[in-house]
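>
In this note's numbering, the protein residues as written are 6 to 97.
(1) When we look at the beta-carbon of residue 9 and count the other beta-carbons within 10 Å, is it buried (16 or more) or exposed?
(2) Taking the CB atoms as reference points, tell me whether residue 45 and residue 27 lie closer together than 8 Å.
(3) Would residue 41 pass as a contact of residue 60 if the rule is Cβ separation under 8 Å?
(4) Are residue 38 and residue 68 close, meaning C-beta to C-beta below 8 Å?
(5) Our contact map puts residue 34 next to residue 71 with C-beta atoms below 8 Å; I'd like the distance itself, whole angstroms only.
(6) Which runs of the alpha helix (DSSP H), 4 residues or longer, sit entirely within the segment 17 to 94?
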């Protein structure tokens with residue numbers, strides 16, 4: 006057990022799980038994300054803290070970018086559907 010990671014992971018687990026679930030719905034992203042996790046674990050196991058930190062930061066940035074893009078696309082689609090289904094007012 007890692008005494009630094011465990012308390013943070015426990016505190017944020019609910020949110021992490023929700024975000025991870027959303028990101029992992031895309032099979033295209035799933036494989037690359039697990040590869041990133043593996044590289045991070047290997048850097049930690051090798052005792053290369055600076056490399057692990059670099060990989061973690063890159064992983065977080067990319068996961069955030071991909072999730073933000075996906076959520077924006079979904080919101081755009083929902084907005085378009087709402088506009089299309091909204092009743093139009095008849096001229097008076």
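Positions of the beta carbon are idealized from the N, C-alpha and C atoms, including for glycine.
Taking the structure as given:
(1) Walking along the chain shown from the start, residue 9 turns up at place 4. Looking at its Cβ environment, which holds fewer than 16 other Cβ atoms inside 10 Å, residue 9 is exposed.
(2) Reading the chain shown from its first residue, position 40 is the one you call residue 45. Reading the chain shown from its first residue, position 22 is the one you call residue 27. Going by beta carbons, residue 45 and residue 27 fall outside the 8 Å limit.
(3) Position 36 of the chain shown, counted from the first residue, corresponds to residue 41. Position 55 of the chain shown, counted from the first residue, corresponds to residue 60. Yes, these two residues count as a Cβ contact at 8 Å.
(4) Looking up residue 38 in the chain shown gives position 33. Looking up residue 68 in the chain shown gives position 63. Result yes, Cβ atoms of residue 38 and residue 68 sit closer than 8 Å.
(5) Stepping through the chain shown from its first residue, residue 34 is reached at position 29. Stepping through the chain shown from its first residue, residue 71 is reached at position 66. Between residue 71 and residue 34 the Cβ distance is about 6 Å, and since that is below 8 Å, they are a contact.
(6) The segment 17 to 94 contains these whole alpha helix (DSSP H) runs: 32 to 50 and 54 to 90.
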